[in-house]
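Per my numbering: the sequence shown = residues 35 to 207. Here the structure is laid out as C-alpha coordinates; the discussion comes afterwards.
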Amino acid sequence: MRIGHGYDAHKFTTGRPLILGGVTIPHDRGLLAHSDGDVLIHALCDALLGAAGLDDMGVYFPDSDPRYKGIDSRKLLRHVMEELEGLLLRVLNVDVTIVAQAPKIRPFAARMRTNLTSDLGMEPACFNIKATTTEGMGFTGRGEGIAAHAVVLLEQRPVTSRMAWRMFRGAGS
(Lines of atoms letter the chains of each structure in order from A and count residues from 1; the text may use other names and numbers.)
(Lines give C-alpha, C1' and ligand atoms only; values in the text may rest on other atoms or scores of the structure.)
Protein backbone atom coordinates (compact mmCIF):
# COMPACT_ATOMS: atom_id res chain seq x y z
CA MET A 1 0.00 0.00 0.00
CA ARG A 2 1.11 3.54 -0.73
CA ILE A 3 -0.35 6.82 0.51
CA GLY A 4 0.02 10.27 -1.00
CA HIS A 5 -1.05 13.81 -0.14
CA GLY A 6 -1.47 16.67 -2.59
CA TYR A 7 -2.24 20.36 -2.19
CA ASP A 8 -2.93 23.18 -4.62
CA ALA A 9 -4.22 26.73 -4.42
CA HIS A 10 -4.97 29.43 -6.98
CA LYS A 11 -6.22 32.97 -6.69
CA PHE A 12 -9.37 34.24 -8.33
CA THR A 13 -9.30 36.31 -11.49
CA THR A 14 -11.94 37.70 -13.82
CA GLY A 15 -12.60 36.53 -17.35
CA ARG A 16 -12.10 32.80 -16.72
CA PRO A 17 -14.55 30.01 -15.90
CA LEU A 18 -14.36 28.35 -12.49
CA ILE A 19 -13.61 24.65 -12.98
CA LEU A 20 -13.38 22.16 -10.10
CA GLY A 21 -13.25 18.41 -10.54
CA GLY A 22 -13.83 18.90 -14.26
CA VAL A 23 -17.13 20.71 -13.63
CA THR A 24 -17.74 24.31 -14.68
CA ILE A 25 -19.29 26.06 -11.69
CA PRO A 26 -21.30 29.27 -12.08
CA HIS A 27 -19.28 32.03 -10.38
CA ASP A 28 -18.25 35.58 -11.20
CA ARG A 29 -14.55 34.63 -11.22
CA GLY A 30 -12.34 31.73 -12.22
CA LEU A 31 -8.90 30.68 -11.04
CA LEU A 32 -5.68 32.15 -12.38
CA ALA A 33 -3.40 29.42 -13.74
CA HIS A 34 -1.43 28.30 -16.78
CA SER A 35 -3.88 25.39 -17.24
CA ASP A 36 -7.63 25.56 -16.58
CA GLY A 37 -6.83 26.13 -12.88
CA ASP A 38 -8.68 23.10 -11.51
CA VAL A 39 -7.15 23.03 -8.00
CA LEU A 40 -9.02 19.85 -7.10
CA ILE A 41 -7.51 17.85 -9.96
CA HIS A 42 -4.09 19.42 -9.42
CA ALA A 43 -4.08 18.37 -5.75
CA LEU A 44 -5.28 14.90 -6.78
CA CYS A 45 -2.53 14.55 -9.42
CA ASP A 46 0.15 15.54 -6.92
CA ALA A 47 -1.22 13.05 -4.37
CA LEU A 48 -1.17 10.26 -6.97
CA LEU A 49 2.32 11.13 -8.17
CA GLY A 50 3.60 11.35 -4.60
CA ALA A 51 2.12 8.00 -3.62
CA ALA A 52 3.80 6.46 -6.66
CA GLY A 53 7.15 7.99 -5.69
CA LEU A 54 7.22 10.12 -8.85
CA ASP A 55 7.94 13.82 -9.44
CA ASP A 56 5.28 16.47 -8.87
CA MET A 57 2.99 18.18 -11.38
CA GLY A 58 5.46 21.01 -11.93
CA VAL A 59 7.93 18.50 -13.39
CA TYR A 60 5.39 16.61 -15.50
CA PHE A 61 3.42 19.65 -16.69
CA PRO A 62 5.60 22.78 -16.33
CA ASP A 63 3.83 26.12 -16.60
CA SER A 64 6.62 27.23 -18.92
CA ASP A 65 5.48 24.68 -21.55
CA PRO A 66 2.98 26.14 -24.04
CA ARG A 67 1.44 22.67 -24.59
CA TYR A 68 -0.26 23.02 -21.20
CA LYS A 69 -1.60 26.55 -21.69
CA GLY A 70 -5.32 26.40 -20.85
CA ILE A 71 -5.32 22.58 -20.88
CA ASP A 72 -8.23 20.64 -19.41
CA SER A 73 -6.84 19.26 -16.14
CA ARG A 74 -8.70 15.99 -16.70
CA LYS A 75 -6.23 15.34 -19.54
CA LEU A 76 -3.40 15.80 -17.04
CA LEU A 77 -5.10 13.38 -14.63
CA ARG A 78 -5.45 10.78 -17.38
CA HIS A 79 -1.73 11.12 -18.15
CA VAL A 80 -0.91 10.60 -14.46
CA MET A 81 -3.09 7.48 -14.48
CA GLU A 82 -1.15 6.13 -17.47
CA GLU A 83 2.04 6.55 -15.43
CA LEU A 84 0.48 4.67 -12.49
CA GLU A 85 -0.82 1.88 -14.73
CA GLY A 86 2.69 1.44 -16.12
CA LEU A 87 3.87 0.89 -12.54
CA LEU A 88 0.98 -1.56 -11.91
CA LEU A 89 -0.53 0.76 -9.29
CA ARG A 90 -4.28 0.88 -8.67
CA VAL A 91 -6.21 3.60 -6.84
CA LEU A 92 -8.10 2.16 -3.87
CA ASN A 93 -9.37 5.28 -2.11
CA VAL A 94 -9.43 9.06 -2.55
CA ASP A 95 -10.43 11.74 -0.05
CA VAL A 96 -10.41 15.39 -1.14
CA THR A 97 -11.21 18.63 0.63
CA ILE A 98 -11.95 21.89 -1.19
CA VAL A 99 -11.35 25.03 0.87
CA ALA A 100 -13.44 27.97 -0.37
CA GLN A 101 -15.58 30.70 1.13
CA ALA A 102 -17.66 30.71 -2.06
CA PRO A 103 -19.17 29.24 -4.14
CA LYS A 104 -20.95 26.42 -2.38
CA ILE A 105 -19.50 23.12 -3.61
CA ARG A 106 -22.10 20.56 -2.48
CA PRO A 107 -24.46 21.04 -5.49
CA PHE A 108 -21.62 20.04 -7.84
CA ALA A 109 -19.90 17.29 -5.83
CA ALA A 110 -21.78 14.37 -7.43
CA ARG A 111 -20.77 15.48 -10.96
CA MET A 112 -17.18 15.95 -9.81
CA ARG A 113 -17.17 12.45 -8.33
CA THR A 114 -18.60 10.98 -11.55
CA ASN A 115 -15.92 12.70 -13.68
CA LEU A 116 -13.02 11.76 -11.47
CA THR A 117 -13.95 8.17 -10.68
CA SER A 118 -14.36 7.62 -14.42
CA ASP A 119 -10.87 9.00 -15.05
CA LEU A 120 -9.40 7.00 -12.15
CA GLY A 121 -11.21 3.75 -13.03
CA MET A 122 -12.58 3.31 -9.52
CA GLU A 123 -15.88 2.89 -7.71
CA PRO A 124 -17.62 6.13 -6.63
CA ALA A 125 -18.07 4.71 -3.12
CA CYS A 126 -14.28 4.90 -2.67
CA PHE A 127 -14.04 8.59 -3.63
CA ASN A 128 -15.04 11.26 -1.12
CA ILE A 129 -15.38 15.01 -1.73
CA LYS A 130 -15.73 17.46 1.13
CA ALA A 131 -15.82 21.25 1.20
CA THR A 132 -15.13 23.66 4.01
CA THR A 133 -14.55 27.33 4.66
CA THR A 134 -11.93 28.92 6.87
CA GLU A 135 -14.52 31.06 8.68
CA GLY A 136 -13.25 34.21 6.99
CA MET A 137 -9.57 33.61 7.78
CA GLY A 138 -6.71 33.53 5.29
CA PHE A 139 -6.80 34.04 1.53
CA THR A 140 -9.68 31.59 1.00
CA GLY A 141 -11.67 33.15 3.82
CA ARG A 142 -11.22 36.60 2.30
CA GLY A 143 -12.54 35.21 -1.00
CA GLU A 144 -9.21 35.66 -2.79
CA GLY A 145 -8.99 32.09 -4.09
CA ILE A 146 -9.59 28.38 -3.58
CA ALA A 147 -7.39 25.61 -2.20
CA ALA A 148 -7.70 21.83 -2.26
CA HIS A 149 -6.16 18.89 -0.42
CA ALA A 150 -6.19 15.28 -1.65
CA VAL A 151 -5.18 12.04 0.04
CA VAL A 152 -4.94 8.82 -1.96
CA LEU A 153 -4.33 5.17 -1.20
CA LEU A 154 -2.71 3.05 -3.92
CA GLU A 155 -2.19 -0.68 -4.16
CA GLN A 156 0.52 -2.49 -6.10
CA ARG A 157 -1.12 -4.99 -8.43
CA PRO A 158 0.56 -8.37 -8.63
CA VAL A 159 2.22 -9.32 -11.89
CA THR A 160 0.37 -12.31 -13.34
CA SER A 161 2.05 -14.82 -15.63
CA ARG A 162 0.04 -13.43 -18.56
CA MET A 163 1.21 -9.89 -17.78
CA ALA A 164 4.80 -11.07 -17.44
CA TRP A 165 4.56 -12.83 -20.81
CA ARG A 166 3.19 -9.66 -22.47
CA MET A 167 5.95 -7.55 -20.89
CA PHE A 168 8.58 -10.09 -22.00
CA ARG A 169 7.25 -10.19 -25.57
CA GLY A 170 7.01 -6.39 -25.66
CA ALA A 171 10.63 -6.06 -24.55
CA GLY A 172 11.80 -8.17 -27.46
CA SER A 173 9.95 -6.17 -30.11
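Note that CB positions come from ideal geometry on N, CA and C, so glycine has one too.
Could you give the residue range of the beta strand (DSSP E) that holds residue i?
{"i": "Glu189", "result": "Gly179 to Gln190"}
{"i": "Gly40", "result": "Arg36 to Thr47"}
{"i": "Asp129", "result": "Leu123 to Val133"}
Going by C-alpha to C-alpha distance, which of the options sits closest to residue i?
{"i": "His39", "options": "Met91, Val57, Glu169 and Gly49", "result": "Met91"}
{"i": "Gly64", "options": "Val193, Ala81, His44 and Ile163", "result": "His44"}
{"i": "Val193", "options": "Phe142, Arg140, Arg124 and Lys103", "result": "Arg124"}
{"i": "Arg147", "options": "Arg101, Thr58 and Phe161", "result": "Phe161"}
{"i": "Pro137", "options": "Ala165, Gly155, Asp153 and Thr151", "result": "Ala165"}
{"i": "Ala181", "options": "Pro100, Leu78 and Met156", "result": "Leu78"}
{"i": "Thr47", "options": "Gly55, Leu66 and Thr58", "result": "Leu66"}
{"i": "Leu118", "options": "Gly84, Glu157, Asp62 and Ala159", "result": "Gly84"}
{"i": "Ala86", "options": "Met156, Glu116, Asp62 and Ser107", "result": "Glu116"}
{"i": "Pro141", "options": "Ile163, Gly155 and Glu157", "result": "Ile163"}
Return the chain-ordered list of same chain residues with a C-beta closer than 8 Å to the C-beta of residue i, the five sequence neighbours on each side being excluded.
{"i": "Ser207", "result": "Reliability fails at Ser207, whose pLDDT of 49 lies under 50, so the model's placement of it is uncertain and the value that follows must be treated cautiously. So no residue of the chain qualifies."}
{"i": "Arg176", "result": "Gln135 and Gly170"}
{"i": "Thr168", "result": "Val133, Gln135, Thr174 and Gly175"}
{"i": "Pro96", "result": "Tyr102"}
Beta-carbon within less than 7 Å of residue i's beta-carbon, same chain only, minus the 5 sequence neighbours each way: which residues are those?
{"i": "Leu187", "result": "Met35, Ile37, Leu126 and Asn127"}
{"i": "Lys103", "result": "His68"}
{"i": "Gln190", "result": "Leu122 and Leu123"}
{"i": "Arg112", "result": "Asp153"}
{"i": "Val114", "result": "Cys79, Leu82 and Leu83"}
{"i": "Asp62", "result": "none"}
Along the chain, where does the alpha helix (DSSP H) containing residue i start, and where does it finish?
{"i": "Phe161", "result": "Unbroken run through Phe161 is the beta strand (DSSP E), Phe161 to Thr166; no alpha helix (DSSP H)."}
{"i": "Leu118", "result": "Ser107 to Gly120"}
{"i": "Val193", "result": "Run containing Val193: none; DSSP gives neither H nor E here."}
{"i": "Pro51", "result": "Per DSSP, Pro51 belongs to no alpha helix (DSSP H) and is neither H nor E."}
{"i": "Arg147", "result": "Arg140 to Leu154"}
Counting only the same chain and skipping the five closest in sequence on each side, list residues whose C-beta sits under 6 Å from that of residue i.
{"i": "Pro60", "result": "none"}
{"i": "Ile53", "result": "Asp70 and Asp72"}
{"i": "Arg50", "result": "Gly64"}
{"i": "Tyr41", "result": "Ala77 and His183"}
{"i": "Gly56", "result": "Arg108 and Asn149"}
{"i": "Arg145", "result": "Val57"}
{"i": "Pro158", "result": "Arg147 and Thr151"}
{"i": "Ile139", "result": "Ile132 and Ala165"}
- Item | Three-pair Cβ contact test at 8 Å for the stretch 124 to 143 versus the stretch 71 to 78 | yes
- What runs of the beta strand (DSSP E), each 3 residues or longer, lie entirely inside the stretch 54 to 78? 57 to 59
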